[in-house]
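Novice: Supplied in structure tokens, the structure appears directly below.
Protein chains in written order, with the UniProt record's numbering: chain A, 1 to 328; chain B, 1 to 497; chain C, 1 to 311.
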């Protein structure tokens, strides 16, 4: 027990800076805190436990998508198909989630499998064809939307079992389930990115693809894993969304990919690849959620919300590039 | 302050994120002199010059131009005052004509609506180029010019700017001997017109040919200024490196061991054919030849970066098939590319992470990286290879070229290779770091590693190789022993058809 | 450039389709009618229902249908109608995306002497015929129900559809007309949830944080949003205290009315709209007399009269 309080000299020289790398993310954290403080001053209802819980619950879907897309962007790619993946996986899961049909694990696994499959499809086409990810995933986005409509015949799939609806709508020890899922996957994704060989390879591939290859890294393998992972996380988001609104909607998730990419970019992930952290992405997603919630509380129309969000995205990128310039 | 002084700098200091790039640097530039600025990579030369032309603002210090203090200012104002810089990477607009490039940003305006008078521009540019003694048409698009011609245009641009000070950063790095002679002619001509030249180069012979005065910087500090006539090679290197370089090429103590690699009839269409050689443990095989002789292409094929069309590769007598760098690394082959930025390192990654990138599985338990083991290994490499860095977490992009090269070598060594291919290992690296890399190569072979070294610098090939394979236009023309090889014999076979 | 490609492409398709049509002309020698249909969005259940009825009736009358999905884009819709014109269809049924922006489609069809029938929503330009329901009326019915439930007094929230779309504008207009008649009803907040269930749920959650127990009623401009509001209110344990009414009577909403979670929805008769649209199209194409405007009445659906609407 004594060792618990002994300063660890070997790790003393790496401060939390590696976790929140650079000034950009400190800036982001500060911006996030400032926004929270301002909102709690303007509207007293903002800083209540129940409201904060609601914000995190609402953010969870975008955050899961943003985690996936962060992996992809770090490797220098992009995935525009995740919004459609949300719809496909939601519809597929819902089809197996009617009461008294299958145990709840079945729709979850089927949904996840659908997402992983779509992700793997992206990865396969991107690695085999050398077509830019932007174009491949743009195609998959349309394919996915079509699949969702075909499977659901254009109508929402409703009448879902209570156990399925618990996934996104329940509570454990007073905490909404989406928050628990969010925390669990935040930890998993962070560890994967920061602590594993695979995570390091993602940074290497995005930082300099050719050098990564010359270092013996199998580019195609890394990319396959990353797009599949992204599809899997999108499936998780799709299942969560379906469970939360208790229906599988073929038109769900339209534009979600942009929110997720925005969260990653606000969080300091560079679109040119090689940099980014899950913590940053999480703060980015929370910032978007907090602002949207705060503006709702203040009854500001969504027109202004869109303007504010756009300013924040540009601001984050400008801050990032200024910061890079300063270091360079 | 001397009365001929045109530019005087005192106590210039500049800090980048806690690291002092310049620390109290001074310079006294006189009219009509060629003033060489010397120093190893990372000594602070480029930062110094970037401050002079207004690309960076200094933290402290004074700059006097023609007796007047220059406060912090924009590039355009510095240009107007008469300080121009010819950058190493030429900043030209390829789609515009020569004349348009020369007068870019200062187009003479005529006509009612401020239209550009192209005719006048072309006339003025033509006159200027003729005056310099070069024959380039002012209406040619920039992209059709050779690098040397582009450089002439850049100089013409500086002259048209009424530049009183022209800074030239490595102006001859891409020029042939004849082109260098033309450039020197122009420089001498500028001197007689009272233009002061700040000349930055790594090439010692050039420095002594062209410069009048030499100022040396080391680690961001001012070391000394002396007339070029009072200095020689050894003295200059001593000032730059801060210590004696005993002998550039250390004595070999390695024992030639068993055969490591043997290649038979290697062919890659369009690059090389009929390549046969073997390398033994404890031996350096030099690959000599002119540009385009196929040396790098052979290395890339052996390392699995490009596919072979024909031929066999044997490692320790066993035939192997290498389809990717991963295969090559698993077979114990390491490759340090000539294209350091493109293939060598990940610029945005830390020194530590770059060093361990090729051998990460050695520091992993299952999928998880063992931080302590990784950090310890990286720290050992940084010490062993004497990598100058602010710390293991410093990003490699902020290191000097020599230190970046050491990081790449460190990465390759950590994958425990039996054969290391070094492709132009000292290109763009200053003399101090060069000597360290030579020692390292000798250390490798002493440890029983086989080395293939590709180099365009003949002294390097001659100084380090045990045997030399000479290539010409994709064919091997000679395999020389250390005793047989001289600059003349190598050149003879290198141009052999 | 893009346009040129588009036109040549649509011409190509046109010639292909017409050649198909010729071969499939009715056996009795009478030329088979071809009707082009451009729908607002085939991702919307109500629209799909309207279209299904058009399709069903077309099959019964042996009419060739070419259906395209405008995916909520008025520009796309205009291009689709242009390609219908190029194909030389006998009539066009358009389910307009927008009041103003879809108008050129109507003008162009009329200029080409092809009858065009607007179904479900209107455009500024007058078409050959309009089949639909007066959206203003649907909102009046819904808001009146709220007023009666609350005895003319209480705090009301309103969820808009996509701002600026005809349905949104009209449903807001109807709701506000009724609110004016009942000074005791106070509209404490209104916001768009873009016709979307998940967005409506998030919006409702945020409103609950803001207004909590003071909320007496929610009017959602469509059922999808109504369902989202119901879900958020149920989760917060407030559903019993808040009246929720929405419009369209989609199956989910009908089930919710049965369960008592949704207090009422307003039935817009998709089948009638679809059937009347294709029938009118056939009449015009055959030169028979027809109604210039057919309004299908809305009906309030509550637990009491629910059985009528459940299938």
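Where a beta carbon is used, it is the ideal one built from N, C-alpha and C, also for glycine.
1) If you check the beta carbons only, do residue 304/B and residue 325/B fall under 9 Å apart?
2) Short of 7 Å Cβ to Cβ, which residues in the segment 170 to 202 of chain C face chain A?
3) Would you please verify whether the beta carbon of residue 210/A is less than 9 Å from any beta carbon of chain C?
4) Is it the case that the Cβ atoms of residue 260/B and residue 125/B are separated by a distance below 9 Å?
5) Quick check on the burial criterion: 16 or more other C-beta atoms within 10 angstroms. Buried or exposed for residue 300/B?
6) Tell me whether residue 221/B counts as near the ligand PLP, meaning its Cβ is closer than 8 Å to at least one heavy atom of that ligand.
7) Contact criterion: CB-CB distance below 9 Å. Does residue 154/A meet it with respect to chain C?
8) Check whether the Cβ atoms of residue 114/C and residue 277/C sit closer than 9 Å, and answer yes or no.
9) Along the chain, where does the alpha helix (DSSP H) containing residue 47/A start, and where does it finish?
10) Got a sec: is the Cβ-Cβ distance from residue 140/A to anything in chain C below 9 Å?
11) Apart from the five residues on each side of it in sequence, which residues of its chain come closer than 7 Å, Cβ to Cβ, to residue 317/A?
12) Specify the secondary structure class of residue 498/B as computed by DSSP and reduced to three states.
13) Taking C-beta pairs closer than 7 Å, name the residues in chain B that residue 264/A reaches, listed in chain order.
14) One question on the structure: do residue 44/B and residue 169/B come within less than 9 Å of each other, judged by their Cβ atoms?
15) So if I threshold CB-CB distances at 7 Å, which residues from the segment 212 to 238 of chain C count as touching chain A?
16) Taking the continuous beta strand (DSSP E) assigned at residue 7/B, which residues delimit it?
17) Residue ranges of each beta strand (DSSP E) run of no fewer than 3 residues wholly in the segment 67 to 145 of chain B, ordered along the chain?
18) So with CB distances below 7 Å, who are the chain C contacts of residue 107/A?
19) Assign residue 142/A to one of two classes, buried (16 or more other C-beta atoms within 10 Å of its C-beta) or exposed (fewer than that).
20) What did DSSP end up calling residue 117/C once you bin it into helix, strand or coil?
21) What are the residues in the segment 195 to 206 of chain A lying within 7 Å of chain B by C-beta distance?
22) Quick one: which chain A residues come within Cβ less than 9 Å of residue 98/C?
23) Quick one: list the residues of chain A neighbouring residue 48/C, beta-carbon separation under 9 Å, in chain order.
24) Per the contact definition of three or more C-beta pairs closer than 8 Å, is the segment 52 to 64 of chain A in contact with the segment 173 to 190 of chain A?
25) Is it the case that the Cβ atoms of residue 55/C and residue 65/C are separated by a distance below 9 Å?
26) So, is the C-beta of residue 281/A closer than 9 Å to a C-beta in chain E?
27) Taking C-beta pairs closer than 9 Å, name the residues in chain C that residue 241/A reaches, listed in chain order.
28) Within the same chain, show all residues whose beta-carbon is closer than 8 Å to that of residue 416/B, passing over the 5 residues directly before and after it, in chain order.
29) Output needed in chain order: residues of the segment 111 to 138 of chain A with a Cβ under 9 Å from some Cβ in chain C.
30) Does the distance from the CB of residue 378/B to the CB of residue 346/B come in under 9 Å?
31) Roughly how many angstroms separate the alpha carbons of residue 139/B and residue 145/B, rounded to a whole number?
32) On the criterion of 16 or more Cβ atoms from any shown chain inside 10 Å, does residue 490/B qualify as buried, or is it exposed?
33) Looking only at its own chain, which residues have a Cβ that is under 6 Å from the Cβ of residue 51/B, when we skip the five neighbours before and after it?
34) Could you pull the start and end residues of the beta strand (DSSP E) that residue 155/C belongs to?
35) Which residues does DSSP pair with residue 280/B in a beta bridge?
36) Just checking, does the segment 456 to 476 of chain B make contact with the segment 283 to 302 of chain B on the three C-beta pairs under 8 Å criterion?
Specialist: Once the coordinates are examined:
1) Here residue 304/B refers to the residue found at position 304 of the second chain. Here residue 325/B refers to the residue found at position 325 of the second chain. Closer than 9 Å, so yes.
2) 189, 191, 192, 197, 198, 201 and 202
3) For the purposes of this step, residue 210/A is taken as residue 210 along the first chain, with counting starting at 1. With 9 Å as the cut-off, residue 210/A does not count as an interface residue toward chain C.
4) Here residue 260/B corresponds to residue number 260 of the second chain, with the count starting at 1. Here residue 125/B corresponds to residue number 125 of the second chain, with the count starting at 1. No. Outside cutoff.
5) To locate residue 300/B, count along the second chain from 1; it is residue 300. Looking at its Cβ environment, which holds 16 or more other Cβ atoms inside 10 Å, residue 300/B is buried.
6) As for the ligand PLP, it is missing from this structure, which has no ligand bound.
7) The count along the first chain starts at 1 and reaches residue 154/A at position 154. It does: the Cβ of residue 154/A has a partner Cβ on chain C nearer than 9 Å.
8) Position 114 of the third chain, counted from the first residue, corresponds to residue 114/C. Position 277 of the third chain, counted from the first residue, corresponds to residue 277/C. No, the pair does not count as a contact, with Cβ atoms beyond the cut-off.
9) Counting from one through the first chain, the residue named residue 47/A turns up at place 47. Run containing residue 47/A: none; DSSP gives neither H nor E here.
10) The residue you call residue 140/A lines up with position 140 of the first chain. False, the Cβ-Cβ gap to chain C never drops below 9 Å.
11) On the first chain, residue 317/A is found 317 positions in, with the first residue counted as 1. For residue 317/A, where only same-chain residues beyond five positions count, the Cβ hits under 7 Å are 265.
12) Only positions 1 to 497 of chain B appear in the structure, and residue 498/B is not among them; the question remains open.
13) The count along the first chain starts at 1 and reaches residue 264/A at position 264. The premise fails here: residue 264/A is roughly 16 Å from chain B at the closest Cβ pair, so nothing lies under 7 Å.
14) By one-based count along the second chain, residue 44/B stands at place 44. By one-based count along the second chain, residue 169/B stands at place 169. In this structure, residue 169/B does not lie closer than 9 Å to residue 44/B by Cβ.
15) 228, 231 and 235
16) Counting from one through the second chain, the residue named residue 7/B turns up at place 7. 5 to 16 is the span of the beta strand (DSSP E), which, as asked, contains residue 7/B.
17) 83 to 86
18) Mapped onto the first chain, residue 107/A falls at position 107. Per Cβ cutoff of 7 Å: no residues; residue 107/A is ~18 Å from chain C at best.
19) Stepping through the first chain from its first residue, residue 142/A is reached at position 142. It counts as exposed.
20) For this step, residue 117/C is matched to residue 117 along the third chain. Strand.
21) 195, 196, 197, 198, 200, 203 and 204
22) In the third chain, counting from the first residue as 1, residue 98/C sits at position 98. Near residue 98/C there are no residues of chain A at all, since even the closest Cβ is about 17 Å away, more than 9 Å.
23) Walking along the third chain from the start, residue 48/C turns up at place 48. Neighbours of residue 48/C on chain A, chain order: 153, 154 and 155.
24) yes
25) Here residue 55/C refers to the residue found at position 55 when the third chain is read from its first residue. Here residue 65/C refers to the residue found at position 65 when the third chain is read from its first residue. Contact: yes.
26) Going by chain labels, chain E is absent from the structure shown, which instead holds the protein chains A, B and C.
27) For this step, residue 241/A is matched to residue 241 along the first chain. 198, listed in chain order.
28) As a first step, residue 416/B is located in the second chain; it is residue number 416 there, counting from the start. Closer than 8 Å at Cβ, skipping near neighbours: 332 and 359.
29) none
30) Translated into the one-based positions of the second chain, residue 378/B becomes position 378. Translated into the one-based positions of the second chain, residue 346/B becomes position 346. Going by C-beta atoms, residue 378/B is not nearer than 9 Å to residue 346/B.
31) Position 139 of the second chain, counted from the start, is the residue given in the question as residue 139/B. Position 145 of the second chain, counted from the start, is the residue given in the question as residue 145/B. Answer to the nearest angstrom: the Cα atoms are 11 Å apart.
32) For the purposes of this step, residue 490/B is taken as the residue at position 490 of the second chain. Buried, by the Cβ-count rule.
33) As a working note, residue 51/B is residue 51 in the second chain. Same-chain partners within the cutoff: 58.
34) Translated into the one-based positions of the third chain, residue 155/C becomes position 155. Residue 155/C -> beta strand (DSSP E) spans 154 to 160.
35) By 1-based counting over the second chain, the position of residue 280/B is 280. In DSSP, residue 280/B forms a bridge with 259/B.
36) yes
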